[in-house]
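K.L.:
Before I ask anything, here is the structure I am working with.
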Amino acid sequence: MAESPDNLVLTYLRRIDEKVDRLAEDMREVKSRLGILESQYANLSNRLDRLDERVGRLENRLGLTEAT
30 MAESPDNLVL TYLRRIDEKV DRLAEDMREV KSRLGILESQ YANLSNRLDR LDERVGRLEN
90 RLGLTEAT
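What follows is the structure, given as structure tokens:
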């Protein structure tokens, strides 16, 4: 009779261990994807900054800016 509780506990512990392993793998994937998104956001932000500078230069050339 002593074997049943031990086996039951071990069975549950193994299931928990498998689930933790899957969660760890999922977290690695999420972190990887988040890193890619951060990189793409930084790239987009830089492009928008350059575009803003170009529009500012165009406005200056066309005299569309207010005198400060």
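Numbering (my numbering), first residue to last: 30 to 97.
The C-beta atom is built at its ideal place from N, Cα and C for all residues, glycine as well.
Leaving out the 5 sequence neighbours to the left and right, which residues in its chain are closer than 8 Å to glycine 85 when beta-carbon positions are compared?
P.N.:
Within the sequence shown, numbered from 1, the residue matching residue 85 stands at position 56. So the list reads Thr94, once near-sequence residues are dropped.
K.L.:
Taking just the CA atoms, how far does arginine 51 sit from arginine 57?
P.N.:
Position 28 of the sequence shown holds residue 57. Position 22 of the sequence shown holds residue 51. About 10 Å.
K.L.:
Cα separation between leucine 80 and leucine 42?
P.N.:
Along the sequence shown, read from residue 1 onward, the residue named residue 80 stands at position 51. Along the sequence shown, read from residue 1 onward, the residue named residue 42 stands at position 13. The alpha-carbon atoms of leucine 80 and leucine 42 are separated by roughly 56 Å.
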